[in-house]
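Single-structure report; data block below.
There are 2 protein chains.
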Amino acid sequence: MNIHYPNGRKFMSPLSTSQTVKARKDPTYSNRGMTLEEDLNETNDYYLLNNIAVIHKKPTPVQIVEVNYPKRSAAVIKEAYFKQASTTDYNGVYKGKYIDFEAKETKNTTSFPLQNFHDHQIQHMRKVIQQGGICFVILRFSSTEEVFLLEAEQLLSYWERMIEGGRKSITKEEVLSTAHLISLGFRPRIDYIKIIDYLYHL
Amino acid sequence: MNIHYPNGRKFMSPLSTSQTVKARKDPTYSNRGMTLEEDLNETNDYYLLNNIAVIHKKPTPVQIVEVNYPKRSAAVIKEAYFKQASTTDYNGVYKGKYIDFEAKETKNTTSFPLQNFHDHQIQHMRKVIQQGGICFVILRFSSTEEVFLLEAEQLLSYWERMIEGGRKSITKEEVLSTAHLISLGFRPRIDYIKIIDYLYHL
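Note that the protein sequences, when read in sequence, are chains A and B. Be aware that the first sequence starts at 268, since it is given in my numbering, and climbs by one per residue. Be aware that the second sequence starts at 268, since it is given in my numbering, and climbs by one per residue.
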């Protein structure tokens with residue numbers, strides 16, 4: 268039921284319209300796939316604590332415009348803007364090897380949209396592969412909670428297909444046949460290192 | 268000469284007291300050693316462009332408290348705070364190997380103060396070494412413009428000495444005997460990869 272104010276404007280619940288809630292839904296605020304991010308942070312914490320790997324999420328890049336320095340207290344950033352990242356979000360070291368990945372989630376059930384990735388991230392992945400790093404993406408289908416590891420080389424071939432005028436997504440069948448399903452656990456929740464071990468014989 | 272307003276308060280030139288300028292001098296704003304940071308960014312850009320290595324500076328970690336979403340324009344961060352980084356500032360890949368370092372500058376001429384490093388950065392370096400990564404610090408003596416690469420293992424031994432009650436700095440003599448002087452050039456300005464090649468036979 269819609270409630271209308273006497274002025275004719277529709278009443279909107281503060282919960283569904285407040286800036287804070289909106290912020291959480293905006294993809295630029297890097298909160299799309301919050302659960303995937305939380306799960307990966309927990310996984311990386313587990314790896315760190317158990318000396319399995321040292322992998323961190325990079326901070327969100329921010330362009331700082333104005334900072335206040337109140338006396339006797341911490342500096343306050345009063346104006347800043349989100350910047351587009353020039354790399355992927357996660358990197359680190361596993362058995363001496365450089366590890367680099369991006370994590371993305373979709374609500375789609377039949378395909379994974381390539382628009383989830385940006386051109387500069389694709390460029391970065393190319394550079395990392397060229398330099399001998401281990402590079403991949405972690406894809407989650409939120410409806411089924413399936414999580415896959417797709418090697419960057421494979422992602423790049425789907426990307427090329429799109430550039431050449433082909434489809435703008437990876438079909439679910441292609442994901443099933445070219446990516447690696449990561450079994451979900453309690454701790455770590457998304458044990459992607461297991462797949463890396465298998466793929467690179469580390 | 269000091270100029271006073273009729274209210275008795277001293278006139279301060281906007282140039283010397285504005286928040287912006289002050290911000291640049293505050294170490295928490297990560298601008299201490301601005302020139303060293305610029306030189307390293309230029310060096311990393313050179314490495315990236317010439318397919319020598321893929322090494323980036325991590326964004327400054329910021330705790331975002333309030334974001335405004337004006338209609339039809341970019342999200343504006345209205346309140347945020349600087350967070351302490353849990354890792355070092357630079358990392359990436361060179362010939363498949365994980366590279367990790369921190370860069371610091373001092374105005375001292377006879378020693379390099381260890382207070383330039385934080386405990387969590389030291390912990391991170393230990394973890395990286397344990398995982399087989401290549402980890403080091405780049406030290407600059409701003410008065411002489413000398414830049415050195417000191418391997419993290421060596422830094423850790425000076426850190427341990429401090430923890431055990433010893434001196435809180437590395438003497439210049441120790442830097443000269445245990446670190447590696449990086450010759451400065453035009454492009455790249457601080458060719459630290461050359462030292463890495465020499466040390467690790469890559």
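Even glycine gets a Cβ: it sits at the ideal position worked out from N, Cα and C.
Based on DSSP bridge pairs, tell me the residues matched to residue i.
i                         : result
glutamate 372 of chain A  : A:Arg407
isoleucine 319 of chain B : Answer is none; isoleucine 319 of chain B lacks a bridge partner.
tyrosine 365 of chain A   : A:Val360
glutamate 333 of chain B  : B:Glu346
Is it the case that the Cβ atoms of residue i and residue j are separated by a distance below 8 Å?
i                            : j                         : result
glutamate 369 of chain A     : valine 404 of chain A     : yes
valine 395 of chain A        : valine 360 of chain B     : yes
serine 436 of chain A        : serine 378 of chain A     : yes
methionine 392 of chain B    : threonine 355 of chain B  : yes
tyrosine 348 of chain B      : glutamine 330 of chain B  : yes
lysine 325 of chain B        : valine 334 of chain B     : no
valine 442 of chain A        : leucine 406 of chain A    : yes
tyrosine 365 of chain A      : tyrosine 365 of chain B   : yes
aspartate 306 of chain A     : isoleucine 457 of chain A : yes
serine 340 of chain A        : threonine 376 of chain A  : no
isoleucine 389 of chain B    : aspartate 367 of chain B  : no
phenylalanine 358 of chain B : lysine 371 of chain B     : The identity of residue 358 of chain B in the sequence shown is asparagine, whereas the question assumes phenylalanine. No, these two residues do not count as a Cβ contact at 8 Å.
glutamine 398 of chain B     : glycine 363 of chain A    : yes
leucine 416 of chain A       : histidine 447 of chain A  : yes
histidine 484 of chain B     : glutamine 351 of chain B  : Residue 484 of chain B cannot be examined here, being either before or after the span of chain B that is shown, 268 to 469.
glutamate 309 of chain B     : proline 455 of chain B    : yes
How far does the beta strand (DSSP E) with residue i in it extend, from its first residue to its last?
i                      : result
alanine 347 of chain B : 343-349
glycine 359 of chain B : 357-361
proline 328 of chain A : No beta strand (DSSP E) contains proline 328 of chain A, which DSSP labels as neither H nor E.
serine 378 of chain B  : 378-380
Could you work out which residues of chain A lie near residue i, taking near to mean beta carbons separated by less than 9 Å?
i                         : result
tyrosine 357 of chain B   : Neighbours of tyrosine 357 of chain B on chain A: none; closest Cβ ~11 Å, over 9 Å.
tyrosine 365 of chain B   : Val321, Asn358, Gly359, Val360, Tyr361, Gly363, Lys364, Tyr365, Ile366, Gly400
asparagine 318 of chain B : Lys394, Gln397, Gln398
proline 326 of chain B    : Lys325, Pro326, Thr327, Pro328, Val329, Lys350, Ala352
Name the chain B residues that come within less than 7 Å of residue i, Cβ to Cβ?
i                       : result
tyrosine 361 of chain A : Gln398
Along chain B, in chain order, which residues have C-beta atoms closer than 8 Å to that of residue i?
i                         : result
valine 395 of chain A     : Val321, Val360
isoleucine 344 of chain A : Val329, Ile344, Glu346, Ala347, Tyr348, Phe349
tyrosine 467 of chain A   : The contacting residues do not exist; tyrosine 467 of chain A stays about 11 Å from chain B at best.
Under 7 Å between beta-carbons, which chain A residues line up against residue i? List them in chain order, please.
i                      : result
leucine 423 of chain B : The contacting residues do not exist; leucine 423 of chain B stays about 15 Å from chain A at best.
In chain A, which residues lie less than 8 Å from residue i when you measure between Cβ atoms?
i                        : result
threonine 354 of chain B : His323
leucine 315 of chain B   : Lys394
Alpha helix (DSSP H) segments (min. 4 residues) lying fully within the segment 382-469 of chain A: 386-397, 419-430, 439-445, 459-467
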